[in-house]
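Notes follow the structure.
Numbering (the numbering used here), first residue to last: 22 to 349.
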């Protein structure tokens, strides 16, 4: 739509782990590495398959890695930026180590398809990146992370987890609490402030930035952020029209698209701002290395799907229609 910028999106027929595994396999091939080269896996997601064990450990087993430290990170849509900061710090402290950061989501599982404000926004997807030490002044130059918890109720799932009435009449029912107007206000301000601070801390200005790869929440937020930063639209990567808001997966997916389109040049300064539930916010600035093409390629794909998107969600639609009608 014109308000969101979304024309299409993906609804997954497989698990969050499955999505992350395929993304990880492509990232490893692009880096020219075998799975056992990885010694840390950071899995950013707000939609894990199960609560225990963590999804990172399931991914570790699926890619054939038997030793890497593996943990999950739930910072909503800011998750990939949080994970990238942790991975970069780890590699800087341990130059021989290699980290894998995955952002993967199956957000459509949460959606009440009768809530038009949120049901039209979210999609499923995954992206991944390999983080290694570099001696040529490229990689993550700085990150600024934060959280505005006082406004956290603007985006939350308040009745899922151990707060649920497990023995009540309907223990499987939970809702997505979403205040679009409040989110817009905090998102633009939070990301703009994070960008200003990380650029200042790294001695850079908005004019030095070659490419902005923001969280793909909706096109109005992206446009408002670009205006605040004073960055021309041709420097901003926008792909939300194809995928919707995939939360922690939006930035790695957008980075992958930008690389495939030849928009990432050797030595490019890339700014990656994000904002999500919490309300978390953050921005990372990095200098890309000399190589902009993958070392190798992977033929990893998801299992084929025999259903249409509407067929995949028809049970959920029927459930929420019935529940909401009975609640009136």
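Ideal placement from N, C-alpha and C gives every residue a C-beta, glycine not left out.
Rounded straight-line distance, which links the Cα of residue j to that of residue i
i: residue 279; j: residue 147; result: 15 Å
i: residue 37; j: residue 52; result: 23 Å
i: residue 104; j: residue 332; result: 34 Å
i: residue 42; j: residue 75; result: 14 Å
i: residue 226; j: residue 292; result: 11 Å
i: residue 234; j: residue 210; result: 17 Å
i: residue 243; j: residue 213; result: 11 Å
i: residue 276; j: residue 288; result: 15 Å
i: residue 85; j: residue 49; result: 12 Å
i: residue 311; j: residue 283; result: 13 Å
i: residue 27; j: residue 71; result: 29 Å
i: residue 31; j: residue 330; result: 8 Å
i: residue 57; j: residue 285; result: 28 Å
i: residue 133; j: residue 142; result: 12 Å
i: residue 113; j: residue 154; result: 6 Å
i: residue 90; j: residue 46; result: 17 Å
i: residue 118; j: residue 55; result: 13 Å
i: residue 94; j: residue 325; result: 29 Å
i: residue 129; j: residue 257; result: 26 Å
i: residue 135; j: residue 181; result: 19 Å
i: residue 220; j: residue 167; result: 15 Å
i: residue 139; j: residue 204; result: 12 Å
i: residue 22; j: residue 116; result: 46 Å
Exposed unless 16 or more other CB atoms sit within 10 angstroms - verdict on residue i
i: residue 158; result: exposed
i: residue 253; result: exposed
i: residue 339; result: exposed
i: residue 216; result: buried
i: residue 341; result: buried
i: residue 353; result: Here the chain covers residues 22 to 349 and nothing more, so residue 353 does not appear.
i: residue 328; result: exposed
i: residue 183; result: exposed
i: residue 343; result: exposed
i: residue 236; result: buried
i: residue 165; result: buried
i: residue 322; result: exposed
i: residue 39; result: buried
i: residue 336; result: exposed
i: residue 347; result: exposed
For residue i, the three-state DSSP class (helix, strand or coil)
i: residue 46; result: helix
i: residue 198; result: strand
i: residue 181; result: coil
i: residue 32; result: coil
i: residue 145; result: strand
i: residue 191; result: coil
i: residue 268; result: helix
i: residue 130; result: helix
i: residue 204; result: helix
i: residue 338; result: helix
i: residue 244; result: helix
i: residue 39; result: helix
i: residue 237; result: coil
i: residue 93; result: strand
i: residue 123; result: strand
i: residue 227; result: helix
i: residue 172; result: helix
i: residue 333; result: helix
i: residue 219; result: helix
Unbroken beta strand (DSSP E) run spanning residue i, endpoints
i: residue 294; result: 290-297
i: residue 262; result: First-last for residue 262: 261-264, but that is the alpha helix (DSSP H), not the beta strand (DSSP E).
i: residue 308; result: 301-308
i: residue 18; result: With the chain represented from 22 up to 349, any question about residue 18 goes unanswered, as that position is not in the structure.
i: residue 164; result: 160-168
i: residue 62; result: 61-65
Min CB distance residue i to chain B below 8 Å
i: residue 315; result: Among the chains in the structure shown there is no chain B, since it carries only a single protein chain.
Residue range of the alpha helix (DSSP H) that includes residue i
i: residue 276; result: 271-281
i: residue 254; result: Here residue 254 belongs to no alpha helix (DSSP H), and DSSP marks it neither H nor E.
i: residue 112; result: 100-114
i: residue 79; result: 76-84
Three-pair Cβ contact test at 8 Å for the segment 182-198 versus the segment 315-326: no
Three CB pairs or more closer than 8 Å across the segment 119-134 and the segment 267-283: yes
Three CB pairs or more closer than 8 Å across the segment 176-184 and the segment 196-207: yes
At least three beta-carbon pairs within less than 8 Å, the segment 159-169 to the segment 293-308: yes
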